[in-house]
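Take a look at the structure set out below.
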Amino acid sequence: MAMTKEEKRILEIGSKKNESHSSPVPQRDPKDVLLEETIVDAIAEKGMGVHVIVRDGQVILSGSAKDRQEKALFLQTVNAIPEIKGVTNHIRIRSLQD
0 MAMTKEEKRI LEIGSKKNES HSSPVPQRDP KDVLLEETIV DAIAEKGMGV HVIVRDGQVI
60 LSGSAKDRQE KALFLQTVNA IPEIKGVTNH IRIRSLQD
């Protein structure tokens, strides 16, 4: 069934309204994306799992470690990557009850 001119016009108006109300998604710096992937890969190689966020070369780590040695290893692994400008470490040590 073909659309009438009126139906086409309504669709056009509706799509234009959606376009004007949509907020642009901020683009991430490709360097940060690559650095984040590098960090995740380096940590995964050691069998560790933490959350990694990179913004302007600054790294934020969060998650948990089984002990102080593992927490230090997370930080050491990340600091070994030369492009990093700084690290904020929010990694917690899991208690024996976790």
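The opening residue of the sequence shown carries number 0 in numbering that gives the first Met the number 0; numbering runs sequentially from there.
By construction, the Cβ of each residue, glycine as well, lies at the ideal position given by its N, Cα and C atoms.
Can you give me the Cβ contacts of residue i inside the same chain, cut-off strictly under 7 angstroms, excluding the 5 residues immediately before and after it?
| i | result |
| --- | --- |
| valine 49 | Ile42, Leu60, Ser61, Gly62, Phe73, Ile90 |
| arginine 67 | Ile92 |
Just tell me which of the options has its CA closest to the CA of residue i.
| i | options | result |
| --- | --- | --- |
| valine 51 | Asp31, Glu69, Asp66, Pro81 | Asp31 |
| isoleucine 80 | Ser94, Asp40, Glu69 | Asp40 |
Please list, in chain order, all residues of the same chain as residue i whose beta carbon is under 6 angstroms from its beta carbon, the five residues on each side excluded.
| i | result |
| --- | --- |
| glutamate 35 | Val51, Val53 |
| asparagine 78 | none |
Could you tell me which residues DSSP pairs with residue i in its beta bridges?
| i | result |
| --- | --- |
| arginine 93 | DSSP output for arginine 93 lists no bridge partner at all. |
What does a CB cutoff of less than 8 angstroms around residue i pick up in its chain, not counting 5 residues either side in sequence?
| i | result |
| --- | --- |
| glycine 56 | Lys30, Asp31, Leu34, Glu82, Ile83, Lys84, Gly85 |
Compare the beta carbon distance of residue i and residue j with 8 angstroms and say whether it is the shorter of the two.
| i | j | result |
| --- | --- | --- |
| isoleucine 92 | alanine 64 | yes |
| threonine 87 | lysine 45 | no |
(request) Could you pull out every unbroken beta strand (DSSP E) segment of at least 3 residues lying fully inside the stretch 26-79, listed in chain order? (result) 49-54, 57-64
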